[in-house]
Every structure is written in C-alpha cells, then in structure tokens.
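Engineer: Below you will find the structure I want to go over with you.
Number of protein chains: 2
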Amino acid sequence: MEITCSNFNEALPEIEKCIEDSLFVSIDCEFSGLNTVRNINAFDTPEEYYKKMRTNSKDFLIMQYGLSTFKYNEEENNFKQNSYNFYVFRRPVNRNLPDNRFLCQASSIDFLVKHSFDFNKLFKEGLSYLNEQDADKYKEHIDQAYNKVVESIENKTEVKSDSVQVPENAQSFLDDVKVQINNFLNGDDTEMPLPKCNAFFRRLVYQLGESEYRDKISLETRQVEGDRVLFVSRLKTLEEEKQIAKKKYEEQLKELDNFIGFTKVLKCLIKFEKLIVGHNICLDFFHTIDKFLIPSPDSYSEFKDISHSLFPKVLDTKYMSSCEPFKNLISSTILAQLLENLRKKPFELPQIVIEDPSKGYTVEDIKEHEAGYDAFITGLCFLGMWKHLGLLDNKSDTKTFQSMNLLEPYLNRIYLSGLTDNQCILLSGEDSQPSRDHVFHLTFPKEWKLSNIQQLFSPFGNVFVSWLDDSSAYVGLYKTEQAKAAYVSLRNGDGYALKTFASHRAQTATNQLQKKRKNSDPSTPCQRKKMDASVKSTSIDPARNKLFQESNSWT
Amino acid sequence: MEITCSNFNEALPEIEKCIEDSLFVSIDCEFSGLNTVRNINAFDTPEEYYKKMRTNSKDFLIMQYGLSTFKYNEEENNFKQNSYNFYVFRRPVNRNLPDNRFLCQASSIDFLVKHSFDFNKLFKEGLSYLNEQDADKYKEHIDQAYNKVVESIENKTEVKSDSVQVPENAQSFLDDVKVQINNFLNGDDTEMPLPKCNAFFRRLVYQLGESEYRDKISLETRQVEGDRVLFVSRLKTLEEEKQIAKKKYEEQLKELDNFIGFTKVLKCLIKFEKLIVGHNICLDFFHTIDKFLIPSPDSYSEFKDISHSLFPKVLDTKYMSSCEPFKNLISSTILAQLLENLRKKPFELPQIVIEDPSKGYTVEDIKEHEAGYDAFITGLCFLGMWKHLGLLDNKSDTKTFQSMNLLEPYLNRIYLSGLTDNQCILLSGEDSQPSRDHVFHLTFPKEWKLSNIQQLFSPFGNVFVSWLDDSSAYVGLYKTEQAKAAYVSLRNGDGYALKTFASHRAQTATNQLQKKRKNSDPSTPCQRKKMDASVKSTSIDPARNKLFQESNSWT
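If you read the protein sequences in the order shown, they are chains Z and P. Take the position in the first sequence, starting the count at 1, then add 17; the result is the number in the numbering used here. Take the position in the second sequence, starting the count at 1, then add 17; the result is the number in the numbering used here.
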C-alpha cells in the first residue's frame, strides 16, 4: 500500500497494529544517491568502512521506505504479510523546519526513474519526519514563543522589538493601513484582515500598532492559503488573550506532532523491539537512524551503541546468505537472484498469505526497486533460509518459527560490501579482527600494472591486489602460510618498497595523530569553541528512553 | 514550446534560425537551489559577492532554461516572439559522461512543485549538455580507445589486459560459454549473443577468447535494450576489423554530438553575439557559463574576462529598473510587478506578436516560474523600458530599436541583490568603488541590539547596520558628511571598538594572506601537487574560439 502525507494519519493505527502483531518486519530504502564505495579498500576495518560511508553518504536522502510485516499463523502454518511503501520527503513549510540542502547522484535518480519512481508524488506528497535534534529545536522554538507571549500578557506589556526605520517606499503602505484601521475602529466588525505583505512590512505594521493603537487593537498573523496575513481585532481582556495564546500553542504542538510523520513508524518498531530484516542493510540502517532518529555520530563505537540500543535485533540477509550453510548452495546474493535460488530445491518457502488485498505483493508483481516490494522479497528470502535451518535441524516449522536460536549466528551482523573475509559490523559486540599477517603494503613505480605485482609475488602463489592509488596497494597472499617467506625474500627489493600490513597501518595512525594534534591546538577562540562543542557528546545509553519521553511529552 | 530530449534535434534548426533573426533574446532559469544570500554582507564588493555566490551555489543545477527570441518588424512596428522552455538534465547513460552529484534545496524543490514543475519529465526526458571540460574528456576517451583498437589491428595483436584469476563461482558459467562457442563454430550462424552477465564476467569471457579461441572468433560488446551483451562472431579479416572499428568510432562521435545537447543553443547565442536580457540575471548568468560552457574560475577577473568574451552584450532588467530614469517611476522590481508597472502610463509596451502559435506566450498565460514564461515577461519588461528611453529622447520606435546607444548605461551590468549603493558586476570593465568613508566596523558586547547601535550613533543621525555576527557589524551613516565627526567622537569609547571600514578591511586582508601563506607552504608532496595544478590555469582570451574549434572538430 502506498503511503503519502495524504493517507498517513488514517493508516497509522493499522500499521502500528501490524508491527505489533508481527514476528518480524523487513525493510528496504531507496536513496537520492549511494556512492559509498568511493575510497573503500578491501582490507579496511568495519570502523574505517563506517567512517568513509558516513562521510560519503550523509548528505543523501531516503526517498522511499518499504516496510513488510510478517505475522506467523501457527494453526495454518503460514505467514500473513502486509506491505507498505512510504514516500518520504520533508517540505520546509514553516520556519521551525530546517530547509535542508541535500545531495542527489545523477545515476541514482536515473535508476529510480527507470523503475517508475514518481518524483512528483515524492516532492508533492512525501511524508514529513523529524529526528530527535530537529524535533527538539522545533519544540524549543514554539515553547519560547509561547512563554514570551504569556509573560507579556501577564506583565501587561507588549513583546518589544527594536524599532525599525520606516523606509520611503513603505510610507504609503502604512498610511493606507492607518486609514483601514481607523475605519475598522469606527465600524462594527470584530476583526479585519490587512492587505498581504512581506515579513518586513508586517513588522512595520506591528510597530505602528504599538506606537499609535496601543490601547485599541490587537494584531495577529495567521496562515491563509499558504500566505501569512495580518488580522486586526479590538483589544481583548487579559483572559481572552491568554486563551488565544494557549489555543495557538496547542495547535502548534499538534502541527509538530504531524511533522514527526514517518518517524512514528520507526518509534513503533523500537517500542516493540521487533526483529528488523534487510538485504545488504548497511546504508538503509545507517540512514534510518541518521535521518529519522538520531544524527549519526562520528564515533563508530557510539554509533554501534546507539543503534543496538534502538534496534536490538537486526538481520542482514546478504550476510546470512554469504555464510554457512548457504554460501555454497547460493550462486548469487543479488536480491532477485537470491529469491530465485530459494524457490528451488533444497530450499522451500513457507506459505505466504496477503492479509489485506490492498496491502500486499506477490512475487509475480515484479516491482523491483519499489521499496515496499523489495522489502517483501527480502522477507521471503529470510523465511526461505530460516525454514532451511529448521529442516537441517529436523525441526517442524512451528518449532523453527517459535524460537530465534537458529538465527543467532547471523543476528546483528551488517554485511559490508567490498571487504575481504566476509567482514561485518557486529552491532552487539566487538568486531572480529581477521589476521592480516599475509597482507603487505607495496609502493611501486606508476607504470606498474597488475601483472608486475603478480610477477613479483609469483614464487609465493597467487595474490589479491587492493589498489590504494596508482603507485601503492595492499597485496594479500592466497597461500597465507607463505607470508613469512615472501616478506624475507622481497623486503629488500629494488624499485619498490614492501612493508607488513601492521607496520604500514601503525605508521598511518601515527601520521594522522600528529596531523590531528597540529590542527587541534586550541590557540584560537574559534577552535576552542569547536572543541567545547565536541566534548558535549550526547548521552547514548538511554537513546531509546529519550526518544520515548519526548514523544510522550509532545503528544 | 516545451523542449526535451525527445524533440530537441528536430526543433534545433528552427531555434537557431529564431536566434539568428532576433534583435535580442531573453532568458530565465529554474534551479535546484538558490541559497546565495548566506553570508553576503551589504558592504561587500562585487568580487566578494562573486566568490561567496560561487561557493554557495556551484553544486546546484539548472533544471529548466527559458529562452524567448524577439524579432523586430520595422514595417509593422511590432516584435515577433518565439519562446522555448527547455528541461535540462543529464543522465549518466554511458561511462564517458560524469555521474554528477548535485545539491538540491528543499525549499526550491517545494517552490517548483507548487508551480507545477514536472520532475518526472525532467529526470526522464531532460536534455543533456556538456561543458568544455567534460566534452574534452569524452572526446579523449573515445579517441584513445579507437587508436588503441586500430593499433592492435595493424600489429595483429589483441588489446592485452592483465589476466585475471577465475573465481570459483564463475567456472560453471565459463564452461557453459565454451560449449556455446563450440556449437557456434560448428554451426552456420554469422554471430551469436552470449548470456547477459556483469562486467567482470565479460572480462573473463574476453580472457577465455584470447587464450582458447584466438584465431577463431571475435568478441564484441553491444548495448541491447539497456544491457551490455557480448556477441561472438567468426574472426574477420584485418580490413573488415578496421571498418568495424571505424564505424563504431563514428557512431560514438555522433553520440557525443548528441550529448552536447542544450550547449548547442548557447553556442548559437555566442556565435551570433546576441544581446542577452535577463531579470536579476546574476545566478542565471553564472550557472549558464559554469554548467554548460566553461567551469567558473575561482578568480573574479578571470570570470569577467571569460563571460564578456563569450557574451559581449548582457542586460539585467533588475539593474536597469533600479536606475534613472526608472527608479522613481517603478514601485517594485519584482518581475510580475515590474510588468504591471510597465503596462501603465507613462510606460507603453510595443506590440508583441506570437510568430508561431505553438511557440509563444501571452501575458495572460500566467505561468509564473515556468522558465520560458518568465523569459518572455523579462523580454516585455525590457521592451517597455527601452521604448520609454526612446520616447524621452523623442525617437520614433524604429529609430529606438535600430540602435543600442540608449542602452549603453545599463549594458553588461549585473545586479547584485543585497549590496548597498546599487552596486553591480561590470562585465566590460572595472567595477565602481563607492566611497566607504562613512562606514565603520564596530565590535560590541553580545547583548547589544539594533537600538544600542542606533543610540551610540544618534548624535550623527540615522544609521544603516549590516550585521557580521552577534558582536560585530558594519555601520553606515546616512549623513555621510558626519563621518569624520562621528569617528573623532566615538573612536575611544568604552565597551565597544570602532574602526574605519578601510582599516578593518586592510586588517582582514593581511590576516587572510598570512593564513594562506601558512597553508600553502609546499612542504608535503600532496600540497605541491595541488599548487602545480592551480598554476596550470586555462587560457581565457580565446574562450570563444576554443568552444567553436572544438564544436567544429566534433561534428
């Protein structure tokens, strides 16, 4: 089912119910750009991968979010699914919402257009969202404004602003406004709109009201068909004024709640601690947290803490399918091909039923790269593999789907595309540290090609080369046991320089530290300011709780 | 008339004819973001304005380009107009086209959507374009590839690439390919497509061909319905091979010519040295050059040289309408309101005729912020003012529109929004340097508001305050003759610091120079590299000629 700002509020209770009842949900996102593989090196650690990904992709947006909920029916031994396809885009319709600049990548846009993505719908009807930071700021703004108004009513003083010089070209406008106000005061109307004008002219009118009509009129700005319009009314009693202010404040709180939009769906996933399944989920997961919940921190360990605290159970089907016992049974881990594979022997999919005809897909829909469809397919793949694990363990379906024990080896492991050794981000603990004893850092003349490197190492078998630039690379031996012999034999060669992986990394770290020290010498006030800001880190531990407290206090 | 990639080639000859026949053209652009006013200060020089604008807006795109051509008919004393509305977007459909990352601003996207901009059309059917740099690279790529192929044919050697290790999961695919090739060689077909596969697998097939079928088959990759497919054919004679290579090269040249797309329209404007009219043209003009012709240089004077060399006659109606004799006759220089003004006495628009019913607007169309319509309205405003200048000079329309002398005071002056003294970029010479003797730099406590500053200067009349941050500002006296008295009286005050504008600017310049020197100490190879690159500046003088030489050599 397609969800935009026009049907979200109506659909939300049902979406929340589906999430609550589900055994797990699967997700998929479409982005305004990807481009995360730039400067990723095959021997990077997960931490290095995270930092590069963050830098490379932070400014891209999620434009479509797919969510598929799967509810297990024990009696019928089948899964009931509901799928939702959310268009997500925040228009900066009022001053409390940030006017984001965001990046697009031409190839990603082209890809989406080719898969029938509707950009007009996105930009016109996309659902709003607010991460913690933006929602805090929003709330602060309206609170401050409300408190200021209440205070000024109680002290019987106007909210004073600096007086502004009236420019020549505004005088005739103000003269006209005076005539209108005088006529209004002599008439019977309870209120009167003034001619539309820009913010500066409205300020001048407030100034005029303060100086010439202080005990006679109130002025109020309202939104009328997208324009801000000034309304004049007769001065009210203090109690009336307070009630008006309170009503306005409550409307603003409601508006804020409305702008939280899609974030509410994620808060529901957090609340029920559902297992979240995604295919090649790294970017989806990163952006889900960064855009909709908590801006992603620079620190990798902080990111892991935050995300594990929010989503304690995450499973990446790309990682799962690259591991035993699937690795050798599956020829391609590309989503569509993975499903093809899992629909054939020795695999078997459990029976899937669409719970509500308007809210489900079948495989035959072939809406590849519609986020909702891809989320659905991901859920199927996951079920195919889960069921297979149960069969290997001689478990009935019911037993299989009653316990998550079988999934333990795959849980909270995020696949990292392009790294060697099937490395992953382990959200719930320390990442593994595969040996790099068989890897060397090689510097060579620019003219060298792959064959030169292969030739150099040929006495020690085949090599895996991961280029750093046109005159350096990491070189890994397939025959790891040859590492020592290779190093002894090649370390003093002519025309190139060879280092162990460890010593090169140590050197790089030292260089970076020195550079950082040099830059962070807090000798200028500006730099000192920056440091202060970075010290004030967010408290991570209660990330979950914080999100809920706020959500409760707003609504 | 709407122009997309689907009707551009057909329409181009006529567009070129309209440009050639026109007395002038007017333009207007719609962007993916604006946001240029960030950190612009009212007392900035045009050079400072240019540099800030370049930094702030370089990554935005032009998404729609409006062009209106106006041809004067002396006998009928009217103008025949044709208007075109180009959707401009480059999809990175082949490897020679850069996969741009570009910025969008949520408010700009929202603005366009509200004015019925069709983003699906833009992304699906937008016209391609290539600036000089990208076109050069493109040409170089296909030339190099062609030369390499010809050389290898002549030397009877294959284009060798490094051999790649066949991974386990590819072996069954390659075995299958071998069976197919053997069957093909035993059959009668002249060629055979191989199963679709990714780039790496195609490389493995080429390797297989080289190692096992060297004297028997040729392999060629072709584009089939968006996919790259390998075709096997029997080995050809050298002459045949050369002809195939040449044909392919010619097709690629044609393809390149196609991708130059919208840039051709601008080359036509350059060729005929037409007067270009725009309203508040600064961003339009900057992006026109930067995106479609020559990437905008960091140096302001270089930018002026390049742009004046390309477009020797540019007129900004926003600037024109802010000058004498229009300044006091026109109440608003916002485009729609300007036209309203110019349709009333003492102004009079010349008669405008739509030359071709499918290619013109009337004022009543009210398609505000469709680039083509805004270009048309701009042209009307220009004509209203031009005719008025003629009337003031007692000239007949014919005489007025026969000579551009009347326009001299406005020519090549680009309006800069937000600067004092109606400053502009003078493309054809040195910018004016209005006196800043009545302006001071003031540093004060953070708590100060506008009223504190006004009070400080009150003995010397009203002031204009241009904030720099929350504790400093430039303060200009309206009574300029009070400058010396104010300085003498206030320079030694308590709780604030006052400097003349000149001395503050001198200080800032010195600080920047020192900072630059510190950073540019070429002690590391990386920095040295950067410096070498920056020394290799583009030759500006023949910017026009270069664009034409290349255009001729490609087509």
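Glycine residues also receive a C-beta, built at the ideal position from the N, C-alpha and C atoms.
Runs of 4 residues minimum, wholly inside the stretch 196-250 of chain P: which ones carry the alpha helix (DSSP H) assignment?
Structural biologist: Listed in chain order, they are 216-229.
Engineer: Rounded to the nearest angstrom, what separates E31/Z and Y82/P at their Cα positions?
Structural biologist: The straight-line gap from Cα to Cα measures roughly 45 Å.
Engineer: Within 10 Å of its beta-carbon, does F217/P have 16 or more other beta-carbons around it, so buried, or fewer, so exposed?
Structural biologist: It is exposed - the Cβ of F217/P has fewer than 16 other Cβ atoms within 10 Å.
Engineer: Please state the DSSP three-state secondary structure of L366/P.
Structural biologist: Here L366/P sits in coil by DSSP.
Engineer: Which stretch, first to last residue, makes up the beta strand (DSSP E) that contains S43/Z?
Structural biologist: Where S43/Z is concerned, the enclosing beta strand (DSSP E) stretches over F41 to F48.
Engineer: Which residues in the same chain have their Cβ closer than 6 Å to the Cβ of H386/Z, if we skip the five residues on either side of it in sequence?
Structural biologist: Hits under 6 Å: H132.
Engineer: When you measure from the CB of R220/Z to every non-hydrogen atom of the ligand SAM, does any distance come out below 7 Å?
Structural biologist: For the ligand SAM, the structure offers nothing, since it holds no ligand at all.
Engineer: Is the stretch 349-361 of chain P close to the stretch 398-410 of chain P, with three or more CB pairs under 8 Å?
Structural biologist: Segments in contact, yes.
Engineer: Is G50/Z close to chain P? Criterion is C-beta to C-beta, closer than 8 Å.
Structural biologist: Yes, contact with chain P.
Engineer: Return no unless some Cβ of chain P is closer than 8 Å to the Cβ of V105/Z.
Structural biologist: So no, V105/Z is outside the interface.
Engineer: Who are the near neighbours of I347/P in its chain, counting only those whose CB is closer than 6 Å to its CB and skipping five residues on each side?
Structural biologist: Cβ within range, chain order: S338 and N358.
Engineer: Determine the closest residue to I298/Z out of N199/Z, S483/Z, T460/Z and I442/Z, with distance taken between C-alpha atoms.
Structural biologist: Looking at the Cα atoms, I442/Z is the closest of the given residues.
Engineer: Please list the segments of the beta strand (DSSP E) lying wholly inside the stretch 478-502 of chain P, counting only runs of 3 or more residues, in order along the chain.
Structural biologist: If we require 3 residues or more, the beta strand (DSSP E) runs fully inside the stretch 478-502 of chain P come out as 480-486 and 489-494.
Engineer: Applying the 10 Å Cβ sphere with the 16-neighbour rule, what's the burial state of N215/P?
Structural biologist: With fewer than 16 Cβ atoms within 10 Å of its Cβ, N215/P is classed as exposed.
Engineer: Buried or exposed for S413/Z, going by 16 or more other Cβ atoms inside 10 Å?
Structural biologist: It is exposed - the Cβ of S413/Z has fewer than 16 other Cβ atoms within 10 Å.
Engineer: DSSP on C35/P, reduced to helix/strand/coil?
Structural biologist: Of the three classes helix, strand and coil, the one that applies to C35/P here is helix, per DSSP.
Engineer: Alpha carbon to alpha carbon, what distance is there between A526/P and K535/P?
Structural biologist: Those two C-alpha atoms are separated by around 14 Å.
Engineer: To the nearest angstrom, how far is it from the Cα of D127/Z to the Cα of F474/P?
Structural biologist: Computed Cα separation, rounded: 58 Å.
Engineer: Of all the options F106/P, S85/P, E92/P and E91/P, which has the alpha carbon lying nearest to the alpha carbon of N99/P?
Structural biologist: Comparing Cα-Cα distances from N99/P to each of F106/P, S85/P, E92/P and E91/P, the minimum goes to S85/P.
Engineer: List the residues that DSSP assigns as beta-bridge partners of Q98/Z.
Structural biologist: Looking at the DSSP assignment, Q98/Z forms a beta bridge with F87/Z and I371/Z.
Engineer: For a minimum of 4 consecutive residues, which ranges assigned as the alpha helix (DSSP H) are wholly contained in the stretch 306-379 of chain Z?
Structural biologist: If we require 4 residues or more, the alpha helix (DSSP H) runs fully inside the stretch 306-379 of chain Z come out as 317-327, 334-338 and 352-359.
Engineer: Taking only beta-carbon positions, decide if N95/P is within less than 8 Å of chain Z.
Structural biologist: Chain Z contact via Cβ: absent.
Engineer: List, in chain order, every chain P residue whose beta-carbon is nearer than 8 Å to that of P109/Z.
Structural biologist: What P109/Z touches in chain P: A123, S124 and D127.
Engineer: Under 8 Å: do the stretch 165-173 of chain P and the stretch 313-329 of chain P share three or more Cβ pairs, one atom per stretch?
Structural biologist: Flag = no, the stretch 165-173 of chain P and the stretch 313-329 of chain P do not touch.
Engineer: Can at least three beta-carbon pairs, one atom from the stretch 372-385 of chain Z and one from the stretch 103-120 of chain Z, be found at a separation below 8 Å?
Structural biologist: Cβ pair count under 8 Å is below three, so no.
Engineer: Check the Cβ of R118/P against every Cβ in chain Z and list those closer than 8 Å, keeping chain order.
Structural biologist: Result: G50, N52, L120, C121, Q122 and A123.
Engineer: When burial is assigned at 16 or more other CB atoms within 10 Å of the CB, is L255/Z buried or exposed?
Structural biologist: Exposed, by the Cβ-count rule.
Engineer: Do we get a CB-CB distance below 8 Å when we pair F140/Z with the residues of chain P?
Structural biologist: At least one chain P Cβ lies under 8 Å of F140/Z.
Engineer: May I ask you to list the residues that DSSP assigns as paired with G396/Z?
Structural biologist: None; G396/Z has no bridge partner.
Engineer: Say whether chain P places a C-beta atom closer than 8 Å to the C-beta of V130/Z.
Structural biologist: Closer than 8 Å: yes.
Engineer: Is the CB of N186/Z under 8 Å away from at least one CB in chain P?
Structural biologist: At least one chain P Cβ lies under 8 Å of N186/Z.
Engineer: Residues in the same chain with beta-carbon distance under 7 Å from C35/Z, minus the five sequence neighbours each way, listed in chain order, please.
Structural biologist: Closer than 7 Å at Cβ, skipping near neighbours: T86 and N99.
Engineer: So, at 6 Å on beta carbons, what are the nonlocal neighbours of C573/Z in its own chain, with the 5 sequence-adjacent residues on each side left out?
Structural biologist: Only positions 18 to 572 of chain Z appear in the structure, and residue 573/Z is not among them; the question remains open.
Engineer: Can you give me the C-alpha to C-alpha distance between V110/Z and S124/P, rounded to a whole angstrom?
Structural biologist: Roughly 8 Å separates the two Cα atoms.
Engineer: Note down, in chain order, each residue of its chain lying with its Cβ closer than 6 Å to the Cβ of D454/Z, except the 5 sequence neighbours on either side.
Structural biologist: Hits under 6 Å: A500.
Engineer: What residues in the stretch 469-501 of chain Z have a beta carbon less than 7 Å from any beta carbon of chain P?
Structural biologist: So the close ones are N479.
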